[in-house]
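These notes are about the structure you will find just below.
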Amino acid sequence: MAGLLGGLLSQRPDNLLDIASLAVYIHGYAADIARRELGETSMRATDVSNRLGYFYRDFVSKKN
Numbered sequence: 000m001a002g003l004l005g006g007l008l009s010q011r012p013d014n015l016l017d018i019a020s021l022a023v024y025i026h027g028y029a030a031d032i033a034r035r036e037l038g039e040t041s042m043r044a045t046d047v048s049n050r051l052g053y054f055y056r057d058f059v060s061k062k063n
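See the structure below:
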């Protein structure tokens, strides 16, 4: 989460609250995908971080 927040803040440092909210949303989105795929009891932190790109796939790339 810290890396995601830092990366987003480096792009838009003037808007801390919106960027922090976006980081939490992306992290939760990735966690929901990991939970559906793996189940709650077998999830690890790396399972969530490995799915952060799904947000880009599902939202950002469709916008372009």
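In this text, residue positions in the sequence shown follow numbering that gives the first Met the number 0: the first is 0, and each later residue adds one. Each residue gets a CB set at the ideal place from its N, CA and C atoms; glycine is no exception.
Per-residue DSSP class, three states only, for glycine 38: The residue you call residue 38 lines up with position 39 of the sequence shown. Coil at glycine 38, not helix or strand.
Rounded straight-line distance, which links the Cα of aspartate 13 to that of tyrosine 53: Mapped onto the sequence shown, residue 53 falls at position 54. Mapped onto the sequence shown, residue 13 falls at position 14. The alpha-carbon atoms of tyrosine 53 and aspartate 13 are separated by roughly 26 Å.
Supposed close pair alanine 30, valine 47 - CB separation, criterion 8 Å: For the purposes of this step, residue 30 is taken as the residue at position 31 of the sequence shown. For the purposes of this step, residue 47 is taken as the residue at position 48 of the sequence shown. 5 Å between Cβ atoms; contact.
C-alpha gap between leucine 4 and glycine 38, whole angstroms: Working through the sequence shown from its first residue, we reach residue 4 at position 5. Working through the sequence shown from its first residue, we reach residue 38 at position 39. Cα to Cα, the separation comes out at about 26 Å.
Inter-residue spacing [alpha-carbon to alpha-carbon] between leucine 15 and arginine 35: Stepping through the sequence shown from its first residue, residue 15 is reached at position 16. Stepping through the sequence shown from its first residue, residue 35 is reached at position 36. Straight-line Cα distance between these residues: approximately 30 Å.
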